[in-house]
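Here is the structure we will look at, set down as structure tokens.
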Amino acid sequence: MVSLPPFLVEETLNGRKWRYAELPGVEVLSRCADDITSRLIETQERVHRLFALLVPPSLQLDLSTPHALIFYDDDIQPETQAMLERLLRSSAAESPAEPARSRSAASPPRTSAKFLPNLWLADRDAFTVFSIVRDDNLEADRLALSQDYVSYLLVNRTPALPTWFTAGILMLYENTALERGELTIGRLAWPDDLRSSSTENAEAPAALQPLAAFFAGELPPRRGAIDGPHRWQWQAALFVRWALDGKDAPRRAALWRFAERAAQTTVTEALFRECFGLGYATALDQMEEYLPGATKHFLTLRLTGAAAPPPFQLRDATFVEVARIKGDWERMEVNYLRSHYPQLAPKYLEQAQRTLAHAYERGTRDPRLLAVTGLCDVDANNNVAARDHLEAAAREGELRPRAWFELARLRFAALSDSATGNEKLSATQVASVLQPLFKARALHPPLPEVYELIADVWTRSAAAPTRLHLAVLDEGVRLFPHRDQLVLHAAELNAQHGFPDAASVLVDVGLRFARDAAVREKLAALRQRLDGTR
Numbered sequence: 120m121v122s123l124p125p126f127l128v129e130e131t132l133n134g135r136k137w138r139y140a141e142l143p144g145v146e147v148l149s150r151c152a153d154d155i156t157s158r159l160i161e162t163q164e165r166v167h168r169l170f171a172l173l174v175p176p177s178l179q180l181d182l183s184t185p186h187a188l189i190f191y192d193d194d195i196q197p198e199t200q201a202m203l204e205r206l207l208r209s210s211a212a213e214s215p216a217e218p219a220r221s222r223s224a225a226s227p228p229r230t231s232a233k234f235l236p237n238l239w240l241a242d243r244d245a246f247t248v249f250s251i252v253r254d255d256n257l258e259a260d261r262l263a264l265s266q267d268y269v270s271y272l273l274v275n276r277t278p279a280l281p282t283w284f285t286a287g288i289l290m291l292y293e294n295t296a297l298e299r300g301e302l303t304i305g306r307l308a309w310p311d312d313l314r315s316s317s318t319e320n321a322e323a324p325a326a327l328q329p330l331a332a333f334f335a336g337e338l339p340p341r342r343g344a345i346d347g348p349h350r351w352q353w354q355a356a357l358f359v360r361w362a363l364d365g366k367d368a369p370r371r372a373a374l375w376r377f378a379e380r381a382a383q384t385t386v387t388e389a390l391f392r393e394c395f396g397l398g399y400a401t402a403l404d405q406m407e408e409y410l411p412g413a414t415k416h417f418l419t420l421r422l423t424g425a426a427a428p429p430p431f432q433l434r435d436a437t438f439v440e441v442a443r444i445k446g447d448w449e450r451m452e453v454n455y456l457r458s459h460y461p462q463l464a465p466k467y468l469e470q471a472q473r474t475l476a477h478a479y480e481r482g483t484r485d486p487r488l489l490a491v492t493g494l495c496d497v498d499a500n501n502n503v504a505a506r507d508h509l510e511a512a513a514r515e516g517e518l519r520p521r522a523w524f525e526l527a528r529l530r531f532a533a534l535s536d537s538a539t540g541n542e543k544l545s546a547t548q549v550a551s552v553l554q555p556l557f558k559a560r561a562l563h564p565p566l567p568e569v570y571e572l573i574a575d576v577w578t579r580s581a582a583a584p585t586r587l588h589l590a591v592l593d594e595g596v597r598l599f600p601h602r603d604q605l606v607l608h609a610a611e612l613n614a615q616h617g618f619p620d621a622a623s624v625l626v627d628v629g630l631r632f633a634r635d636a637a638v639r640e641k642l643a644a645l646r647q648r649l650d651g652t653r
């Protein structure tokens, strides 16, 4: 048996019609019975509300594009599995190499395939969850958010959350239950090697790392079998749990405010005191006192107010909605398969293109469908068709962040290809590329490549940028300080066009965060030039 991602077949299958519902930030496409679909929608709304008790929406990944949920009836699965088996046999004949894992010569040949029952795939500005649903075995009350999904929401948030917050939440979430109207964090499984060796109080914690060093990311020394990184992670879990706990949650809002501020500036004791109302030493004492109880007791957070989800209506999906949501999912599958089963990727790409073309050929020019079609063309390296579809989408309406970026990238590439030698871009040409980039900049999530392309455009511009123009790059550096080339390019542009103070600040950021040795060398050289001109 070999697991593959779900594969949506042509619409010739017998079965239920596609049904559609829309809620804030979510689109649902379902071939399940309405009562099952409604229960699934209500459950996903409930578990997200429960998770918000742990991490508020302001500290999660924010998307301007609604994410999609696709529910597929298990009754349809056998026919689709047969198609996959045929695909596997044909692909094996075309490419006899082992696709993703090795097996011994004695292993029996693979003769059948099965689906991953629940899979989510993401692009840089959107994601989709696909689930195969067994109507006779659905326990909606026991559904929850996977660890990978929670990690995705935290790690991809911009500006990046402090590492101690992400690490602490993820460690606690491993032992967290989301049931009915409660989120329950289990007992803190504090490792024995971190407990005190004192004979007077065996339950007393080992000395915790001073908070100044902890928030700075300094690793403590090994203790027993627990190395520095793991000791640091356990303290992160303890700190977050301590901050979440307490009668009437006296520290919970402070934790969230502190995490949000720490994502934008350097953590200091003054900032900590401003948020929590106490200093590092007092907080550390309270954490040490809190630890023994945390290893014995659960922590329960409860929803308040009405638990009903936002109102929604299930209706028959239009052919445009089916093609757009289904085609976008199939497009994301292609990128997944290129890494896992590359010999199947072309066939899945053909399927995605057929799904999108089916609606296009019926005369629809829905901008969201055109945008997905353009992104599918980009992923297939068909830049001519991609630009045609994205230009048409831009004429019809508003696009998602990546679609705006790809349109700008294709316009810039066309201008570069047609230029003679080092010919600069006119003001009109610069505007034609910056316009979609600024559209993307106004949406969520911010994309680092948007700011990198803005820097490239000003490098090629015949007109010199003002400080106000280049201030947009400061925003990009604040959001993405680890993008070495972006920081370097922004610093060089400011130095080149007569803004040494701004360039100096950017060089400082680069020298603090840059990991690429060549970039660090260029930043150091730029620092010497700036100091020399002063």
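Using the numbering used here, read the sequence shown as starting at 120 and increasing by one per residue.
All C-beta atoms in this analysis are idealised placements derived from N, C-alpha and C, irrespective of residue type, glycine included.
At a Cβ-Cβ threshold of 7 Å, valine 606 and valine 624 do not count as neighbours. With contact defined as three or more Cβ pairs closer than 8 Å, the stretch 573-582 and the stretch 547-562 are in contact. With 16 or more other Cβ atoms inside 10 Å of its own Cβ, glutamine 470 counts as buried.
Secondary structure at histidine 416: coil, using DSSP grouped into helix, strand and coil.
Counting only residues of its own chain and dropping the five nearest sequence neighbours on each side, tyrosine 399 has a CB closer than 8 Å to the CB of Pro329, Leu330, Ala331, Glu388, Phe391.
Counted as a single uninterrupted DSSP element, the alpha helix (DSSP H) harbouring threonine 652 occupies residues 636-652. Contact annotation: leucine 327 and leucine 272 have beta-carbon atoms that are not nearer than 7 Å. The alpha-carbon separation between leucine 642 and arginine 150 amounts to approximately 56 Å.
Of the other Cβ atoms in all chains shown, fewer than 16 fall within 10 Å of the Cβ of threonine 419; this residue is therefore exposed.
With contacts defined as CB atoms closer than 7 Å, arginine 360 and leucine 291 qualify as a contacting pair. The residue among Asp620, Leu589, Leu592, Asn541 with its C-alpha nearest the C-alpha of alanine 581 is Asn541. Within the stretch 543-583, complete alpha helix (DSSP H) segments of at least 4 residues are found at 546-560, 567-579, given in chain order. DSSP places glutamate 510 within a helical segment (H, G or I) once states are collapsed to three. In the same chain as glycine 482, and ignoring 5 residues on each side of it, no C-beta atom comes closer than 7 Å to its own. Selection Ala490, Leu178, Ala171, Met406 evaluated against aspartate 244 yields Ala490 as nearest (Cα-Cα). One Cα belongs to leucine 240, the other to glycine 617, and the distance between them is close to 45 Å. Contact between tyrosine 570 and leucine 592 holds, since their C-beta atoms are separated by about 6 Å, short of 8 Å.
By the neighbour-count criterion, in which a residue is buried when 16 or more other Cβ atoms sit within 10 angstroms of its Cβ, glutamine 647 is exposed.
If you compare the alpha carbons of Thr437, Tyr460, Ala464, Val439 with that of arginine 450, the shortest gap goes to Ala464. In the three-state reduction of the DSSP assignment, leucine 240 falls in the strand class.
Assignment of beta-bridge partners to phenylalanine 599 by DSSP yields no partner. Just so you know, the alpha carbons of serine 270 and valine 626 end up roughly 31 Å apart. The beta carbon of proline 584 is closer than 8 Å to those of Trp577, Leu612, His616 in its chain, skipping five residues each way along the sequence. Ranked by Cα distance from leucine 526, the options Cys495, Ser545, Glu161, Ala546 are led by Cys495.
Under the DSSP assignment, phenylalanine 249 falls in the beta strand (DSSP E) whose first and last residues are 246-252.
In the three-state scheme derived from DSSP, where H, G and I count as helix and E and B as strand, histidine 608 is classed as helix.
Annotation: the continuous beta strand (DSSP E) that includes alanine 187 extends over 186-192. In terms of CA proximity to leucine 280, Leu598 leads the group Ala442, Leu598, Thr652, Leu587.
For the set Ile304, Ala140, His167, the Cα lying nearest the Cα of aspartate 154 is the one of Ala140. Under a 10 Å Cβ-count criterion, serine 157 is classified as buried, with 16 or more other Cβ atoms of the shown protein chains found around its own Cβ. When Leu488, Asp603, Glu337, Ile288 are compared, the shortest CA-CA separation from phenylalanine 632 is found for Asp603. Every unbroken stretch of the alpha helix (DSSP H) spanning 4 or more residues and falling wholly within the stretch 141-183 is given here in chain order: 153-173.
Taking a contact as a CB-CB distance under 8 Å, the pair glutamate 164 and proline 428 counts as one, their CB atoms being some 4 Å apart.
Secondary structure note for threonine 303: its beta strand (DSSP E) is the uninterrupted segment 301-304.
Per DSSP, leucine 264 lies in no beta strand (DSSP E) and is assigned neither H nor E. Under the three-state reduction of DSSP output, arginine 360 falls in the helix class.
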